[in-house]
Amino acid sequence: MLGRVVVWLALVAVAGIILSKTRSVRPPKGYREVPGPKGLPLIGNILQVPIQPRHQLISWAQQYGELFRLRLGRYNWVFLNHPAAIKEIMDRQAASTSGRVPTPVLSELVSGGRRFLLMGNTPTWRKLRGLVHKLLTPRMSEKFRPSQDFEAKQLIYDLCNSNLDDKEFYNHIRRYTTSVVLTSTYGKRVPTSDNPDIVEVYGIMKDFSDTTVPGAFWADVFPPLAKLPTALQSWRKRALQYQERQTRAWMKFWNDLKIQIDLGKAPECFVKQWLETDWEKQEISELQAAYVAGTMIEAGSETTSSALNSCVKYLAAYPHVQERANEEISRVVGDARSPTWEDEEKLPYIRAMVKEILRLRPVSSLGQPHMTTADVYYKDYFIPKGTVLALCQYAVHYDPARYQDPFEFRPERYLNHPLKAGAYAGGDPFARDHFGFGAGRRICPGMHLAENSLFITLAKIIWAFDIRPPLDAEGREETVDVSDNAYEDTGNILPRPFRLRFIPRNEVRKSKLIEEWEQALREGYYLGDVKVDALGMVVE
């Protein structure tokens with residue numbers, strides 16, 4: 001016990017020295033520092049940032065304008081609060097603003113330096129980024145529509161056969177999104193929420209989430225601590241255990257698919273496409289490639305399920321929005337079948353709903369912060385090398401000058417944005433639909449897959465069900481809480497488990513959704529030219 005106390009006292013002392021020697025870089029003549037609230041000695045503004053930061057960040061943006069600065073631990077953070085600032089700094093100056101915050105434990109020990117999401121702007125990251133973007137184009141993402149349609153049919157069937165006044169739907173949605181991303185990545189679906197693969201994936205994501213909590217590893221808060229002798233790195237054993245678990249899981253997925261390929265039974269999927277590229281000539285190892293695929297699984301599972309769960313919550317809280325969506329679907333689709341991809345162009349309100357939930361509840365509080373690798377200039381502001389950049393989605397998404405009643409769920413505000421998010425990302429920043437997928441060279445490469453998934457699922461859910469609030473002990477409908485208190489205290493915007501009722505709209509639609517699922521079970525679906533059955537196995 002005494003030894004542990006001595007270690008922590010040493011760490012605190014080193015941290016104090018590190019912080020005390022950290023100084024701001026003076027702006028060149030004609031430029032000024034980015035303004036921001038005054039902080040405390042050593043720790044800066046850490047205590048001023050609440051666990052749920054939405055309203056505080058918006059308040060600072062209103063006070064300071066396009067940019068404001070906070071001191072969080074060892075680093076200065078600059079928040080970008082305006083479309084023009086985001087475009088100039090993250091897009092046009094991307095060569096200097098695509099770095100990542102050094103996290104020697106999370107990136108190097110937990111992830112073995114292989115987690116694509118955490119890599120700095122290195123030659124390896126640039127090679128991997130090029131391959132990933134080439135394989136996740138809108139056209140390539142369309143190849144996975146049959147599996148998304150299949151999974152959405154199972155989802156509404158599961159919702160129809162669950163306790164209608166329970167939290168079980170929450171796990172059904174998580175199963176859906178994980179199965180979609182696993183199928184897209186490895187051609188491997190998960191038919192039940194207790195499937196070993198989904199348990200393993202969420203176990204790894206839980207490990208990762210635990211390690212990203214501020215203070216989980218002090219060497220990530222104060223990177224020079226990572227240079228302490230190994231014997232003093234009390235976090236090292238736990239971090240390496242996390243790495244061992246994910247390495248084992250990601251390589252199992254990788255090797256299983258290679259066996260399928262050798263047998264000629266591999267369905268179309270991201271990793272199969274990857275293996276058909278020149279990745280080995282680019283000196284990328286199998287383990288590194290498996291980690292890239294694993295990052296895609298992590299990124300696509302919880303984020304999409306968060307958006308879906310948020311959307312059904314808001315639909316229950318805003319019944320007039322749900323009624324308008326149902327009117328559109330009833331007029332275009334009717335009762336005789338559920339919505340399909342062929343209906344997408346005729347369902348603009350459903351498509352607008354996808355954009356609105358990504359505006360209102362983006363899947364991450366601060367996106368994935370970038371870091372400047374060279375000095376950056378914006379107007380008369382100077383942002384020195386080594387500054388953390390955060391795209392402040394809240395400030396942009398809740399700007400009343402752009403969005404009337406910004407805290408309200410109003411999909412109709414996007415009826416004048418008929419294209420997908422990727423079509424707006426590279427153009428006029430004031431014409432963008434939302435910034436939920438980020439900006440610059442680190443914009444989310446899976447945005448096309450995610451948007452497709454959200455569209456087909458929401459269309460089928462609204463076609464099948466009237467989503468209602470839960471009932472209290474007296475049989476009265478409760479109020480659906482959409483405040484920040486209804487969300488987890490994490491970096492990602494995850495709604496806490498909650499109760500809703502999914503009531504079939506009528507007997508015809510209920511019978512039809514059951515019929516469609518039973519037919520899907522019999523027929524399976526196609527991934528490319530390969531037919532897959534309900535268990536995700538290739539059909540001879």
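Residues in the sequence shown are numbered from 1 upward in steps of one, following full-length UniProt numbering.
Each residue gets a CB set at the ideal place from its N, CA and C atoms; glycine is no exception.
I think residue i touches residue j, with their Cβ atoms under 8 Å apart; what is that distance to the nearest whole Å?
| i | j | result |
| --- | --- | --- |
| T97 | V376 | 6 Å |
| V480 | F409 | In fact, because the Cβ distance is near 11 Å, the residues do not count as touching under 8 Å. |
| A239 | L57 | Not really, about 30 Å apart at Cβ, beyond 8 Å. |
| residue 601 | I329 | Residue 601 lies beyond the range of the chain shown here (1 to 540); nothing can be said about it. |
| Y64 | F382 | With 8 Å as the limit, Y64 and F382 do not qualify as a contact, their Cβ atoms being about 15 Å apart. |
| L287 | T212 | No, L287 and T212 are not in contact; Cβ-Cβ is about 22 Å, not under 8 Å. |
| P83 | R432 | 7 Å |
| V25 | P384 | 4 Å |
Under 8 Å Cβ to Cβ from residue i, same chain only, skipping five residues before and after it: list those, please.
| i | result |
| --- | --- |
| L527 | K143, F144, P146, S147, T183, G187, P267, E268 and C269 |
| P418 | P348 and R351 |
For residue i, list the residues DSSP reports as bridge partners.
| i | result |
| --- | --- |
| N76 | R71 |
| H370 | R100 and L389 |
| residue 566 | The chain is shown only over 1 to 540; residue 566 falls outside these bounds and no answer can be derived. |
| T531 | Note that residue 531 is Lys in the sequence shown here, rather than Thr. In the DSSP output, where bridge partners are listed per residue, K531 has Y526. |
| D481 | Looking at the DSSP assignment, D481 forms no beta bridge with any residue, so it has no partner. |
| R501 | R468 |
| V44 | First, the residue type needs correcting, since residue 44 is Gly and not Val in the sequence shown. Per DSSP, L40 and L72. |
| S364 | N492 |
| Y377 | F382 |
| residue 573 | Past the boundaries of the shown model lies residue 573; the chain is included only from 1 to 540, so the question cannot be answered. |
| Y487 | P495 |
Thinking just about the alpha-carbon of each residue, which of the options is nearest to the one in residue i?
| i | options | result |
| --- | --- | --- |
| V180 | P470, Q56 and L449 | L449 |
| V221 | R238, G73 and I204 | G73 |
| K87 | Y176, A425 and P53 | A425 |
| residue 549 | D428, R331, E474 and A293 | Because the chain is modelled from 1 through 540, residue 549 falls outside the range shown and cannot be assessed. |
| K512 | S453, D335, P41 and K420 | D335 |
| R54 | L360, Q519, K510 and P37 | L360 |
| L136 | K385, T185 and R100 | T185 |
| A395 | F68, L42, R69 and N81 | N81 |
| N195 | R100, P28 and Y176 | Y176 |
| D529 | H397, K265 and S365 | K265 |
| I493 | V332, E323 and T304 | T304 |
| Y283 | Q62, G44, S483 and R126 | Correcting the residue identity first, residue 283 is Glu in this sequence and not Tyr. The option with the nearest alpha carbon to E283 is R126. |
| T373 | P41, L67, W60 and M90 | M90 |
| N416 | D489, K258 and E356 | E356 |
| L117 | R248, A299, L67 and I204 | A299 |
| C392 | V78, P411, R115 and N121 | V78 |
| I99 | G120, R115 and G112 | Contrary to the premise, residue 99 reads as Gly rather than Ile in this sequence. It is G120. |
Beta-carbon within less than 7 Å of residue i's beta-carbon, same chain only, minus the 5 sequence neighbours each way: which residues are those?
| i | result |
| --- | --- |
| T178 | V190, I198, V201 and S301 |
| A325 | Y349, I350, M353 and I462 |
| D533 | G524 and V539 |
| L358 | A307, H434 and G436 |
| F465 | L159, F502, I503, P504 and R505 |
| V332 | D343, K346 and L347 |
Just to confirm my understanding: we take residue i, look at its own chain, exclude 5 residues before and 5 after, and list those with CB closer than 6 Å. What are they?
| i | result |
| --- | --- |
| M296 | T185 |
| F253 | Y186 |
| F217 | V105 and W235 |
| F150 | A520 and Y525 |
| P102 | P223 |
For the 8 Å Cβ check, are there 3 or more pairs between the stretch 480-500 and the stretch 462-472? Touching, per the Cβ criterion.
Counting Cβ pairs, one atom from each stretch, are 3 or more of them under 8 Å apart for the stretch 396-407 and the stretch 439-453? Counting Cβ pairs under 8 Å, fewer than three are found: no touch.
State whether the stretch 274-292 contacts the stretch 229-237, with contact taken as three or more CB pairs (one from each stretch) at a distance under 8 Å. The stretch 274-292 and the stretch 229-237 do not touch, with fewer than 3 CB-CB distances between them shorter than 8 Å.
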